[in-house]
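K.L.:
Residue numbers (the numbering used here): 1476 to 1879.
Before I ask anything, here is the structure I am working with.
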Amino acid sequence: MQTDQRTFVIVGNGVAGTTAAERLRQSDPNCRIVILAAEPYPLYNRVALPRYLKLETPLHKVMLKDEDWHRELGLELHLETRAVKVDPSSRTVVTDRGQEFRYDKLLVATGGRPNRLAVPGGDAHGVFNFQTLDDTKLIMDRVQKARSAVVVGGSFIAYELAEAFRHRGLETTWLIRGSRFLRRILDEEGGRLVDLLAREAGVNVVYGEEVREVATSGGAVSKVITTGGSTIDADIVGLGVGLTLNTELLAGTGVEVRRGVVTDKTLRTSDPDIYAAGDVCEFYDVTIDGYSLLGTWNNSSNHGKTAAANMLGAQETYKQVPSYSSTLFGSTLSVVGATPDSRPDLESVSRLDMESRTYRRIFFWEDRVVGAVFIGGRKGKRQITEMIRDRARVEGPREKLLDL
Ligand SMILES: Cc1cc2nc3c(=O)[nH]c(=O)nc-3n(C[C@H](O)[C@H](O)[C@H](O)COP(=O)(O)OP(=O)(O)OC[C@H]3O[C@@H](n4cnc5c(N)ncnc54)[C@H](O)[C@@H]3O)c2cc1C
């Protein structure tokens, strides 16, 4: 009998949790790895959900892992099982099925849940979040019967919904509370370009407005009434109004939680046996000398790798450069590194070329480049990413980086 077998418990089987499990197994063939997963599916690709919604990707390409893969790697995957309590003194996790798992090291990779609209009718049938495969299936059902759509929010997710609804032929209105899309990442000029691209794609964008009420007919959404008093037809409403991070599991444990689960630069929480990774993790980001919350696929996956290494005893500092790339109404959007979303006091330089429909903005912290955003072309992205990674100091005028 093995007496030195370590047990790792991972809560959440998104890309952060599943990548960590795979890494743990690669490094330790004998350990016990338990994955607790609230959703009914093994890992699937959230990034591919917009393409699935647009009927551009079949379901089997959205799915990334199956139960056989877990079995072959000896990963104990418990689907539709929610971890509800952690007791750090006995190092146990309790689930909503009444199971108890003892851990040597615990990884919290629970992501977030999308916010709802706290207005009359906000929970009506036909008002959807866009986070999970099940959300997407419900949206697809409703889209088939819909002619008009309203999308709410100035986030990446709101964009994905606006683009997908329009792509599926719906009359689409996009309500943005602020003065532009991604108002902290883009400046006014970047916002102007996105506005043009959206309008050319046939999306009616309305700024400075929120939803006052969702009106229903026959039990389902039929109209949206805005704070400015407009009434807009909507057979479907899509929400992209932010995430609440799933930190409740750690309530009462003494582990430091702010908006996310706080970790040091090695992704370890204030409890030496508990780590966090992915969207839920508010980690000490050495590129900006401060704490960051990020919501990107590659950041979550890289977090999973670093957390696994450190759960096995390494002391690796997390210093990957996150990136987010997506379509943007027939153009492209790419964000690398840190943005004012993580640190509002970053300085920046930007350039818009309306003729070629390109825009770039580069962010600085002290004398280093720490992030950038590119619309309509990624020229210079590789060099900027290397500069961020290498913590290179910028000598001379910062504007020269706009010419890379
Ligand atoms: C529609 C959409 C499009 C996106 N597009 C892009 C893109 O183009 N590029 C990009 O970089 N990123 C994109 N993202 C963001 C990216 O998908 C996320 O950053 C990433 O998937 C987060 O991974 P995660 O493992 O941290 O969390 P999640 O994927 O959120 O996984 C966490 C899992 O934990 C489970 N869980 C929560 N609490 C518990 C509990 N108590 N017990 C058990 N299980 C629990 C949840 O149900 C969930 O399945 C997109 C996201 C969405 C929704």
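We put the CB at the ideal spot given by N, CA and C, even for glycine.
(1) In whole angstroms, what separates the C-alpha of V1736 from that of D1610?
(2) Using a Cβ-Cβ cut-off of 8 Å (strictly less than) and excluding sequence neighbours within five positions of Q1574, which residues of its own chain qualify?
(3) Beta carbon of I1651, beta carbon of G1677: below 8 Å?
(4) DSSP three-state label for M1476, please.
(5) May I ask you to list the residues that DSSP assigns as paired with W1649?
(6) I need the DSSP call for V1730, collapsed to helix, strand or coil.
(7) Could you tell me the alpha carbon to alpha carbon distance between A1876 and M1786, rounded to whole angstroms?
(8) Using a threshold of 8 Å, state whether the C-beta atoms of A1783 and A1512 are closer than that.
(9) If you check the beta carbons only, do D1739 and R1566 fall under 8 Å apart?
(10) N1488: beta carbon under 7 Å from a heavy atom of ligand 1?
(11) 8 Å is my cut-off, CB to CB: does P1595 come that close to chain C?
(12) Is there at least one non-hydrogen atom of ligand 1 closer than 7 Å to the beta-carbon of A1813?
(13) Can you tell me the Cα-Cα spacing of I1707 and F1631, whole angstroms?
(14) So, is G1489 buried or exposed, given that buried needs 16 or more other C-beta atoms within 10 angstroms?
(15) Counting beta carbon pairs with one atom in the region 1714 to 1733 and one in the region 1525 to 1537, are three or more of them shorter than 8 Å?
(16) Going by the DSSP bridge assignment, what does P1589 pair with across the sheet?
(17) Just confirm the distance between the C-beta atoms of Y1793 and L1742, as a whole number of angstroms; I'd bet it's less than 8 Å.
(18) Based on the DSSP output, what are the partners of Y1834 in its beta bridges?
(19) Can you find the residues in the same chain that come closer than 6 Å, C-beta to C-beta, to G1770, ignoring five residues on each side of it along the sequence?
(20) Who does M1538 pair with in a DSSP beta bridge?
(21) What are the partner residues of A1751, as DSSP defines its beta bridges?
(22) Apart from the five residues just before and just after A1523, which ones in its own chain have a Cβ nearer than 8 Å to its Cβ?
(23) What three-state label does DSSP hand K1560 in the structure shown?
(24) For the beta strand (DSSP E) containing L1552, list its first residue and its last residue.
(25) In the DSSP output, which residue or residues are listed as bridge partners for D1708?
(26) Do I1606 and ligand 1 come close, with the Cβ less than 7 Å from some heavy atom?
(27) Just verifying my parser: in three-state terms, what is the DSSP assignment at Y1634?
(28) If you follow the alpha helix (DSSP H) that V1490 is part of, which residue opens it and which one closes it?
(29) In three-state terms, what does DSSP make of F1640?
(30) Residues bridged to E1822 by DSSP?
(31) Would you say I1888 and R1818 are within 8 Å of each other, going by their C-beta atoms?
(32) What is the DSSP secondary structure of T1882, reduced to helix, strand or coil?
(33) Give the DSSP-derived three-state secondary structure of V1811 in the structure shown.
(34) Figure out for me which residue from T1607, R1641 and V1627 has the closest Cα to the Cα of Q1619.
(35) Which of the three DSSP states is assigned to T1860 in this structure?
(36) Please say whether L1592 and V1561 have beta carbons closer to each other than 8 Å?
P.N.:
Concretely, from the data shown:
(1) Computed Cα separation, rounded: 25 Å.
(2) Closer than 8 Å at the Cβ level, and outside the excluded window around Q1574, lie H1553 and T1556.
(3) It is not a contact, given that the beta carbons lie outside the stated cut-off.
(4) Note that M1476 scores a pLDDT of 45, beneath 50, so its modelled location is shaky; the value from the coordinates is reported in the next line. DSSP places M1476 in coil when its eight states are reduced to three.
(5) DSSP output for W1649 lists V1626 and V1680 as bridge partner(s).
(6) V1730 sits in coil when the DSSP states are folded into three classes, being neither helix nor strand.
(7) The sequence as given places Leu at residue 1876; Ala does not occur at that position. Taken atom to atom, the span from the alpha-carbon of L1876 to that of M1786 is near 39 Å.
(8) Their beta carbons are not under 8 Å apart, which means A1783 does not touch A1512 by this criterion.
(9) R1566 is positioned such that its CB atom lies no closer than 8 Å to that of D1739.
(10) Yes, the Cβ of N1488 comes within 7 Å of a heavy atom of ligand 1.
(11) In the structure shown, chain C cannot be found, because there is only a single protein chain.
(12) It does not: the Cβ of A1813 is nowhere closer than 7 Å to a heavy atom of ligand 1.
(13) Rounded to the nearest angstrom, the two C-alpha atoms are 22 Å apart.
(14) By the Cβ-count criterion, G1489 is buried, with 16 or more other Cβ atoms from all chains shown falling within 10 Å of its own Cβ.
(15) As far as the Cβ criterion goes, the region 1525 to 1537 does not touch the region 1714 to 1733, which means the pair count is below three.
(16) In DSSP, P1589 forms a bridge with L1718.
(17) About 6 Å separates the CB atoms of Y1793 and L1742; that is less than 8 Å, so the two are in contact.
(18) The secondary-structure analysis by DSSP pairs Y1834 across a beta bridge with L1827 and I1850.
(19) For G1770, where only same-chain residues beyond five positions count, the Cβ hits under 6 Å are D1754.
(20) According to DSSP, M1538 bridges with Y1519.
(21) V1583.
(22) Excluding positions up to five away in sequence, the list reads T1532, K1536 and V1537.
(23) Looking at K1560 - three-state DSSP - the assignment turns out to be strand.
(24) Going by DSSP, L1552 is part of the beta strand (DSSP E) stretching over L1550 to H1553.
(25) Answer is K1698.
(26) Reading off the sequence, residue 1606 comes out as Gln, not Ile. Yes; taking the cut-off as 7 Å, the Cβ of Q1606 has a heavy atom of ligand 1 nearer than that.
(27) Of the three classes helix, strand and coil, the one that applies to Y1634 here is helix, per DSSP.
(28) If you look at V1490, you'll find it in the alpha helix (DSSP H) that goes V1490 to S1502.
(29) Of the three classes helix, strand and coil, the one that applies to F1640 here is helix, per DSSP.
(30) In the DSSP output, where bridge partners are listed per residue, E1822 has F1839.
(31) Missing from the structure shown is residue 1888; the chain here goes from 1476 to 1879 and no further.
(32) Look at the range of the chain in this structure, 1476 to 1879, and you will see that residue 1882 is not part of it.
(33) V1811 falls in the strand class under three-state DSSP.
(34) Comparing alpha-carbon positions, the option among T1607, R1641 and V1627 lying closest to Q1619 turns out to be R1641.
(35) Looking at T1860 - three-state DSSP - the assignment turns out to be helix.
(36) It is not a contact, given that the beta carbons lie outside the stated cut-off.
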